[in-house]
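What follows is a single structure, written as structure tokens, with notes after it.
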Amino acid sequence: MLTVAVVPPAEVLQFGRMTSAGVFALTLLLVLLGYDLAAIATFVAAITAAATTAYVRVTSMLLGRVA
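For what it's worth, this note's numbering labels the leading residue of the sequence shown as 1209, then goes sequentially.
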């Protein structure tokens, strides 16, 4: 079966960019404040996982699929 890739709408891509920028800014702030690197890594992993899940769900809804 042939699978066709569909480019997500601009709103979804903007959400992904804002999330990435936000995670980077928060990580930089925590490093500058002197937080433990292991704690920061855990925080970044949790935020990234949540953002990825949200991205997949929103994209799936916009494409008419259930994730």
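Quick reminder that beta carbons are idealized off the backbone N, C-alpha and C, glycines included.
Requested in this report: Please state whether DSSP places G1242 in a helix, a strand or coil.
Outcome: Numbered from its first residue, the sequence shown carries residue 1242 at position 34. It is coil, neither helix nor strand.
Query raised in the report: Taking just the CA atoms, how far does A1257 sit from A1247?
Result: Residue mapping note: residue 1247 aligns to position 39 of the sequence shown, counting from 1. Residue mapping note: residue 1257 aligns to position 49 of the sequence shown, counting from 1. Going by C-alpha positions, A1247 is about 15 Å away from A1257.
Report task. Would you identify the three-state DSSP class for M1226, choosing helix, strand or coil? Result -> Stepping through the sequence shown from its first residue, residue 1226 is reached at position 18. Three-state result, M1226: helix.
Report task. Using the Cα positions of L1241 and T1250, report the straight-line distance between them to the nearest angstrom. Result -> For this step, residue 1241 is matched to residue 33 along the sequence shown. For this step, residue 1250 is matched to residue 42 along the sequence shown. Roughly 16 Å between the two C-alpha positions.
Query raised in the report: Would you call the CB atoms of G1224 and Y1263 closer than 7 Å?
Result: Working through the sequence shown from its first residue, we reach residue 1224 at position 16. Working through the sequence shown from its first residue, we reach residue 1263 at position 55. Cβ atoms of G1224 and Y1263: closer than 7 Å.
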